[in-house]
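Its first residue numbered -11, the sequence shown is counted upward by one per residue in this note's numbering. Just so you know, even glycine gets a beta-carbon here, dropped at the ideal spot from N, CA and C. Structure, as structure tokens:
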Amino acid sequence: MIEDILPADVMSAEAFDDDADIHLFAEERAAVADAVPRRRREFSTVRRCARAALGELGIPPVPLPPGRHRAPQWPVGVVGSMAHCSGYRAAAVARASRLHSVGIDAEESAPLPGGVLDLVALPTERDLVERLGAQSDAVPWDRLLFSCKGTVYKSWFPSLFPCP
């Protein structure tokens, strides 16, 4: 599914369930050692996706621990993004020589919890969400806006806070 919306230079992989037997490197295991089981499973599965996408670039399996600010530390010369939500995990990567950044996000198709939109949206954006919702309630417009902003954030973040 995700490969249909990404540029040709971006390799991706996705999963719709978790596998309990995913190999993690020591640095990755340490990052989720104190996490609840659900978090460890999503962390492991999204890294399996990332390694599969990196493999499409010809890069062998490497540790992908979270760095400063919890962003994944990609191999030198690679840009990428990971996303996960209930029932879905994905990773997308590209060569830094081809793209400056990659950002993806995944969210459940449901309205945001109360108060969240006020925290993440400008008044004009909230007005637009309200107008779109009045036209059609088939799409949770507030969640879609949240996800779009998450995607942009993931694209810009590495430029603002590069990993050492």
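Can you say whether TYR76 is buried or exposed, counting buried as having 16 or more other CB atoms within 10 angstroms of its CB? The residue given as residue 76 occupies position 88 in the sequence shown. Per the 10 Å Cβ criterion, buried.
Would you say ALA84 and GLY102 are within 8 angstroms of each other, going by their C-beta atoms? Within the sequence shown, numbered from 1, the residue matching residue 84 stands at position 96. Within the sequence shown, numbered from 1, the residue matching residue 102 stands at position 114. No.
Work out the CA separation of ARG29 and ALA19 for me, nearest whole Å. Here residue 19 refers to the residue found at position 31 when the sequence shown is read from its first residue. Here residue 29 refers to the residue found at position 41 when the sequence shown is read from its first residue. About 13 angstroms.
Taking DSSP's pairing of strands, which residues face CYS37 in a bridge? Start at 1 with the first residue of the sequence shown, and residue 37 comes out as number 49. According to DSSP, which records beta bridges pairwise, CYS37 is partnered with nothing at all.
Taking the alpha-carbon of ALA98 as reference, which of ARG131, VAL34, PRO146, PHE31 has the nearest alpha-carbon? Here residue 98 is taken as the residue at index 110 of the sequence shown, counted from 1. ALA98 has its Cα closest to that of ARG131, out of ARG131, VAL34, PRO146, PHE31.
Using the three-state DSSP reduction, which class does GLY91 fall into: helix, strand or coil? As a working mapping, residue 91 is identified with position 103 in the sequence shown. Reduced to three states, the DSSP call for GLY91 is coil.
Residues of its chain near ARG39, where Cβ-Cβ distance is below 6 angstroms and the 5 sequence neighbours each way are ignored: Here residue 39 refers to the residue found at position 51 when the sequence shown is read from its first residue. Closer than 6 angstroms at the Cβ level, and outside the excluded window around ARG39, lie PRO49.
Out of VAL108, ARG17, SER32, ASP(-3), which one is the CA nearest neighbour of ASP5? Reading the sequence shown from its first residue, position 17 is the one you call residue 5. If we check each option's Cα against that of ASP5, SER32 comes out closest.
8 angstroms Cβ cutoff met for LEU133 and GLU113: Here residue 133 is taken as the residue at index 145 of the sequence shown, counted from 1. Here residue 113 is taken as the residue at index 125 of the sequence shown, counted from 1. Contact: yes.
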